[in-house]
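In UniProt numbering, the protein residues as written are 1 to 85.
Here it is as structure tokens:
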């Protein structure tokens, strides 16, 4: 694995597994998939969702690695290096 962020990613548990809290806060229910930050456990919606809260979380915090929390998926994504692991 060439991405150091993926190699050193944390293990924070997701704050929720059923909704995007940022979407809920603005009254949106149209998220597509959920991602969880491995640094702090923040849950955000994916880039296929209208508000892209997972990407916005990276932009505002610098936390580089999110993982899918969709059933049956186990991959992780590094926003900093744009690499999947």
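In this text, a Cβ means the ideal position worked out from N, Cα and C, and glycines have one as well.
In its own chain, which residues sit with a C-beta less than 6 Å from the C-beta of residue 49, not counting the 5 before and 5 after it? Here the set comprises 31, 32.
May I ask you to report which of helix, strand or coil DSSP gives residue 78? Three-state DSSP puts residue 78 in a strand.
Which residues DSSP lists as bridging residue 34, in chain order: The partner list for residue 34 (beta bridge, DSSP) reads 45.
Quick check: residue 43 and residue 20, are their CB atoms within less than 9 Å of each other? Yes, they are a contact pair.
Residue span of the alpha helix (DSSP H) that contains residue 55, given as start and end: Where residue 55 is concerned, the enclosing alpha helix (DSSP H) stretches over 53–61.
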